[in-house]
Amino acid sequence: MKQLLAAAAALWICGLSFVFAQGRDGTMNITVTIGAVEYAAQFDSNDAALEVASFFPLALDMKEWAANKEYYAGLGKTITGKAPAADKIAAGDVMLYSGRSLVIFYGGSANTSGYVRLGCILDAKNLKAALDKAGGKVSFARAKEGKETSAVSAVPVVKTKETGAALTKEQKEVYSSYEEICRAMVAKDKASMERYFDKDLTFTHMSGKKQTRCEYIGEIMDGTLNYYKITTKEYNIRVNGDTAYMSVTHTLDAKVYGMTGAWTTRGTATYKKRGGIWVRVNESVPEGVF
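Position one of the sequence shown corresponds to residue 1 (the working numbering), numbered consecutively onward.
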């Protein structure tokens, strides 16, 4: 029964995922923009780095702590994912402090207490000057798929798997909602889930059992359903006025109903545009759309 419920939970979130550009040795390729200058960076594949990256794109006003040779900014949320404690700090290191602050070091520091490593900016030369000039205005984004991190990266242009064509404005909006739902599920962000899940949305087990939006979100919040990582294999989006349909194949890493595993599933989801955002609704995708 647990296996059945776990597979059902995996199927529930078809249409909800995010994509990380993969670097060497399982790292994530990241673009850090300081002022108007882009820097290539890599995040490690630890749980804390994955959780922080689920918030990207992210713009921050960072403040300097000169005594520790760093710029920092609060995330407004506590990161619960684990990562190795820092045993040394070098220029270019990107760290998480006390689970709540994102930190860029422009020089080495002997103070490692409370820091865990997320990754690093690859070229840290003149980093302090760049941060000073930008007044601490820094943004983080996932790097474009397939772009080498030895060069400056850019924010990715999402493409459909079927045609390889860049998405339209409306398709990008649907994809943004889709990413936000997935981020909220990983981060257990109840307010965002309630915003992007229609109030009448239901979630169905393979056994036929149904849950309301409230029941499903409740199981995410209490840890019955723990979503760690969702890796998209392929996807497609169709938009017809204020209705959009999305098909997705992905691998879900999660702990559901006490079972930890990775499930690869394929499914579809329907979205409606309401109040300027695309909301997932309780409506079947018509035959022949994909």
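Each residue gets a CB set at the ideal place from its N, CA and C atoms; glycine is no exception.
Being a predicted model, the structure only gives us computed values, none of them experimental.
In the structure shown, the three-state DSSP call for N240 is strand. Scanning W263, T168, M259 for the CA closest to the CA of H250 turns up W263. The segment 51-128 is shown to contain whole beta strand (DSSP E) runs of 3 or more residues at 58-61, 63-65, 70-74, 93-97, 101-105, 115-121, in chain order. Rounded to the nearest whole angstrom, the C-alpha separation of N282 and V103 is 41 Å. Per DSSP, reduced to three states, the secondary structure at D198 is coil, with no helix or strand assignment.
Three or more Cβ pairs closer than 8 Å define a contact, and the segment 114-127 meets that threshold against the segment 86-95. Close CB contacts of V32 within its chain, under the 7 Å cut and outside five residues either way in sequence, are with Y39, A41, I121, V138, F140 (chain order). By the 16-neighbour rule on beta-carbons within 10 angstroms, M193 is buried. For F56, same chain residues with a beta-carbon under 7 Å away, outside a window of 5 residues either side, are F140, A141, R142 in chain order.
Under the three-state reduction of DSSP, G218 is assigned to helix. If you look at A41, you'll find it in the beta strand (DSSP E) that goes 37-43. Around the Cβ of A187, a 10 Å sphere holds 16 or more other Cβ atoms; the residue is buried. Nearest Cα to G114 within the set A184, K88, V248, G135: K88. Here S284 carries a coil assignment [DSSP, helix/strand/coil].
With respect to the C-alpha of S109, the residue from G81, R100, W65 having the closest C-alpha is W65.
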